[in-house]
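If you read the sequences in order, they're chains A and B. FYI, the UniProt record's numbering numbers position 56 of the first sequence as 56, with every residue one higher than the one before it. FYI, the UniProt record's numbering numbers position 160 of the second sequence as 160, with every residue one higher than the one before it.
Number of protein chains: 2
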Amino acid sequence: MDIKQICVNAGDAAVKMAALDSETKNNALARIALALIENKDRITAANNDDLKRSEEEQLASPLLKRLKFDEKKINDAVEGIKSLIGLEEPVGKTLLSTMLDDGLELYKVTCPIGVIGIIFESRPDALVQISTLCLKSGNSVLLKGGREARETNRVLADIIEEASVAAGLPKGWISLLESRDDVNEMLKMDEYIDLLIPRGSNQFVRYIMDNSRIPVMGHADGICHVYVDSCADVDMAVRVTVDSKTQYVAVCNAAETLLVNEAVAGRFLPALKKEFDKKNVEIFGDEGTRGIIAAKPASEADWATEYLDYTISVKLVADVDEAIKHINTYGSGHTDSIVTSDRANALKFMNLVDSGNVFWNASTRFSDGFKYGFGAEVGISTSKLHARGPVGLDGLTSYKYKLIGDGHTVEDYAANKKSFKHIKLDKTI
Amino acid sequence: MDIKQICVNAGDAAVKMAALDSETKNNALARIALALIENKDRITAANNDDLKRSEEEQLASPLLKRLKFDEKKINDAVEGIKSLIGLEEPVGKTLLSTMLDDGLELYKVTCPIGVIGIIFESRPDALVQISTLCLKSGNSVLLKGGREARETNRVLADIIEEASVAAGLPKGWISLLESRDDVNEMLKMDEYIDLLIPRGSNQFVRYIMDNSRIPVMGHADGICHVYVDSCADVDMAVRVTVDSKTQYVAVCNAAETLLVNEAVAGRFLPALKKEFDKKNVEIFGDEGTRGIIAAKPASEADWATEYLDYTISVKLVADVDEAIKHINTYGSGHTDSIVTSDRANALKFMNLVDSGNVFWNASTRFSDGFKYGFGAEVGISTSKLHARGPVGLDGLTSYKYKLIGDGHTVEDYAANKKSFKHIKLDKTI
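Quick look at the structure:
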């Protein structure tokens with residue numbers, strides 16, 4: 001089937017997906033979970049083929065780890081689906097209701113977006129998460145996974161399609177694309193696809209944005225900051241900084257730059273250095289930092305670098321305002337945290353740092369759909385339009401205005417025969 | 001000042017705008033309203049220059065009408081500002097609060113988008129509406145109005161800037177661009193501008209989308225439908241159809257295509273024709289329509305045409321499903337209305353028609369920010385991402401996640417020392 005036909009089918013299916021009730025969608029999710037368990041051997045066999053081929057192709061070890069989809073990861077995926085079933089129905093929620101005039105009622109109601117194209121890395125669990133989030137939110141989905149996971153993805157997409165269609169979902173709601181050519185074709189389908197979510201490198205997300213008219217939701221990069229304020233508890237500041245930097249260095253919400261208030265630097269930095277040394281964290285510091293602890297000199301470029309490694313840049317600042325200014329200049333709008341016991345500074349930081357996730361006395365590593373209680377996420381958005389931060393079910397819905405009248409015409413209002421009342425209601429449709 | 005410097009200033013101002021309290025913003029709005037009244041003569045004098053020049057350039061009469069900004073229109077603008085002052089504060093609203101674990105609370109809070117670029121037609125009232133909506137929602141704004149309104153726009157932007165800065169707003173939050181070169185420069189400023197809202201022809205909106213990396217919110221066109229169902233009240237159907245088509249033909253929410261259920265066509269179409277004839281509405285009909293009333297033959301192209309005139313295309317359909325299918329194929333996702341006394345058909349229509357505004361027994365002409373009670377609108381979005389339908393204050397805001405902890409680290413959860421509780425709170429921050 002060519003990409004255009006796949007898109008047309010996905011669009012036809014999307015109309016039917018939008019009309020499904022909660023029970024049908026949750027039944028389909030339950031059948032998918034069951035089918036994953038029943039097909040464990042088939043899935044792990046396909047995954048072993050992928051692992052073997054990738055090892056031969058000398059795929060780096062962290063990537064092999066992400067590619068692996070063994071019994072434990074299948075069980076995790078099943079648990080994820082179960083928690084998704086328990087989440088509130090995202091479609092048909094009334095966000096606003098207003099009586100415009102007697103007998104004329106306006107409702108703002110959530111609905112699916114339609115057809116979503118998602119391009120993701122070689123992590124089979126991502127396929128399960130993404131497709132089930134799209135199912136629950138009533139969207140059709142075109143999936144393109146990493147080449148390395150080819151066999152696993154085929155088996156998973158087959159299982160999910162078969163189980164969901166058996167549960168009453170329309171054929172065509174889920175499709176797997178396989179080649180780069182397919183992706184390039186997909187980018188041209190702005191008539192059929194409502195949203196693209198690319199996951200991957202900055203360069204890759206940029207490429208998608210520059211080569212498609214379809215709206216793109218993606219994060220460009222994750223240059224996250226911890227700012228240690230003058231009146232921070234030093235122990236807490238060390239704990240939060242170490243966790244933000246080292247708990248998992250290869251992810252977008254790991255801290256890359258540490259900003260330290262000059263007033264606390266003399267006490268804080270040596271204590272931090274001790275912990276960083278245990279984990280072999282390399283430090284690039286500005287002049288002030290290097291006056292207190294041993295560090296390599298940081299250049300301007302360091303403030304704009306996403307290391308994704310046991311490396312951090314450190315800068316002294318005079319106050320919270322300088323920290324905010326630095327973050328809004330060099331940050332990527334992802335996640336930034338202040339450690340302080342001063343409430344006013346904390347509120348200022350959270351209000352004025354222009355990022356999707358702004359934290360007070362907590363590790364940057366908390367910005368994540370699962371940790372936020374969204375069930376899972378399709379990605380983390382650093383855009384300020386539509387969805388921002390971890391994108392779960394809410395970010396996969398749109399809304400429409402439903403107006404119910406009794407033959408109302410605008411001319412009556414234009415001619416001043418009637419006038420609007422605009423009374424807030426508390427009704428659902 | 002070059003465009004880049006204007007953008008940098010707007011960005012600096014945006015940080016301050018985001019921190020303004022309600023009172024400061026409402027005071028600024030009140031001073032703007034007062035300044036408009038005090039400067040009536042200056043405004044109308046400038047507008048007379050624009051009108052005179054445009055008449056000499058033989059601008060079409062409907063466009064001259066829109067360009068005119070006389071005392072009555074100034075008073076309307078002032079009334080609009082007063083109602084905006086009365087609207088709920090859009091920034092700092094808590095949309096969600098969750099206790100992730102003991103002492104770890106997550107808040108989803110609305111915030112301004114940042115810097116918004118708006119390109120609009122030669123209607124001076126649009127400048128006042130757009131800039132005051134941006135003010136109330138805490139955004140900086142770059143305005144580019146139509147060439148014909150040059151003098152009026154200069155005076156209005158001056159007055160608004162002066163009055164608002166005197167009330168404590170940061171200089172640079174509002175800037176007026178004047179040339180096409182300025183616009184082309186602006187399109188490159190994706191580093192500084194968060195959102196572009198182009199108002200104008202399809203072609204123009206497309207041009208902006210194809211020539212900028214900045215996210216664009218705009219409507220492509222307005223091909224709106226009325227569908228008269230089998231069990232529609234014929235009188236009501238005539239009333240709603242006539243209003244949808246003729247109340248104001250030059251606007252995007254006027255109906256362009258009428259779909260009529262075959263079962264009611266014999267009674268409805270002759271009654272409609274009588275009313276349409278009084279207003280000289282030209283009808284393009286399919287074969288079935290032409291079997292009942294006199295009409296020119298409609299071609300496939302008519303279903304996809306936005307006439308913006310006293311012209312309508314008419315097609316018979318077998319049932320509500322065919323109507324939905326036709327609308328989702330040829331419509332533009334703007335506004336579509338069903339006239340029926342059958343609740344099930346109405347709900348089906350409103351759920352499955354993939355448009356921002358779906359109406360039951362009401363004229364398509366109701367889709368409008370003022371009529372919806374949003375105070376005013378910056379435009380009507382046919383996109384399904386971010387804002388859909390009339391875009392008022394809500395569409396000019398984003399949100400951020402604020403997480404407040406007590407030194408919480410992710411490692412404690414990864415190591416199973418702690419686990420998430422995810423308890424819904426009803427708290428604001």
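Each residue gets a CB set at the ideal place from its N, CA and C atoms; glycine is no exception.
Assigned secondary structure, residue i (DSSP; H/G/I helix, E/B strand, else coil)
i, result
"residue 107 (chain B)", "strand"
"residue 366 (chain A)", "helix"
"residue 139 (chain B)", "coil"
"residue 305 (chain A)", "coil"
"residue 322 (chain A)", "helix"
"residue 56 (chain B)", "helix"
"residue 81 (chain B)", "helix"
"residue 425 (chain B)", "coil"
"residue 179 (chain A)", "coil"
"residue 205 (chain B)", "helix"
"residue 47 (chain B)", "helix"
"residue 131 (chain A)", "helix"
"residue 198 (chain A)", "strand"
"residue 349 (chain A)", "helix"
"residue 430 (chain B)", "This structure cannot settle anything about residue 430 (chain B), because the visible part of chain B is limited to 1 through 429."
"residue 288 (chain A)", "helix"
C-beta neighbour in chain A for residue i, strict 8 Å
i, result
"residue 247 (chain B)", "yes"
"residue 240 (chain B)", "yes"
"residue 20 (chain B)", "no"
"residue 90 (chain B)", "no"
Residue i: contacting residues in chain A (beta-carbon distance under 7 Å)
i, result
"residue 411 (chain B)", "243, 247"
"residue 236 (chain B)", "407"
"residue 189 (chain B)", "Here the premise fails: no neighbours, minimum Cβ distance about 15 Å."
"residue 194 (chain B)", "384"
Cβ shell of residue i (< 6 Å), same chain only, five flanking positions each side left out
i, result
"residue 122 (chain A)", "67, 146, 148, 149"
"residue 7 (chain A)", "189, 192"
"residue 167 (chain A)", "27, 28, 31"
"residue 405 (chain A)", "104"
"residue 223 (chain B)", "256, 306, 331, 332"
"residue 171 (chain A)", "165"
"residue 361 (chain B)", "339"
"residue 309 (chain A)", "249"
Host alpha helix (DSSP H) of residue i (start-end)
i, result
"residue 261 (chain A)", "Unbroken run through residue 261 (chain A) is the beta strand (DSSP E), 255-261; no alpha helix (DSSP H)."
"residue 337 (chain B)", "Run containing residue 337 (chain B): none in the alpha helix (DSSP H); it sits in the beta strand (DSSP E), 335-339."
"residue 36 (chain B)", "22-38"
"residue 64 (chain B)", "61-67"
"residue 244 (chain A)", "234-246"
"residue 11 (chain B)", "3-18"
Extent of the continuous beta strand (DSSP E) to which residue i belongs
i, result
"residue 99 (chain A)", "94-101"
"residue 224 (chain B)", "224-228"
"residue 314 (chain B)", "311-317"
"residue 397 (chain A)", "397-408"
"residue 285 (chain B)", "282-285"
"residue 165 (chain A)", "That residue, residue 165 (chain A), is in no beta strand (DSSP E); its alpha helix (DSSP H) goes 150-166."
"residue 115 (chain B)", "115-119"
"residue 380 (chain B)", "379-381"
Beta carbon proximity, residue i to chain B, threshold 8 Å
i, result
"residue 420 (chain A)", "yes"
"residue 365 (chain A)", "yes"
"residue 383 (chain A)", "yes"
"residue 62 (chain A)", "no"
"residue 209 (chain A)", "yes"
"residue 334 (chain A)", "no"
"residue 76 (chain A)", "no"
"residue 389 (chain A)", "yes"
9 Å Cβ cut-off: residues of chain A touching residue i
i, result
"residue 360 (chain B)", "402, 403, 404, 405"
Neighbouring residues, chain B, relative to residue i (Cβ below 8 Å)
i, result
"residue 355 (chain A)", "400"
"residue 373 (chain A)", "98, 100, 106, 420, 422"
"residue 369 (chain A)", "None at all; the shortest Cβ gap to chain B is about 11 Å."
Listed by chain order, chain B residues near residue i by CB distance under 7 Å
i, result
"residue 328 (chain A)", "15"
"residue 350 (chain A)", "402"
Contacts around residue i, its chain only, beta-carbon distance under 7 Å, and the 5 residues preceding and following it disregarded
i, result
"residue 198 (chain A)", "119, 204, 205, 208, 216, 218"
Per-residue contacts from residue i into chain B (C-beta, under 9 Å)
i, result
"residue 113 (chain A)", "384, 385"
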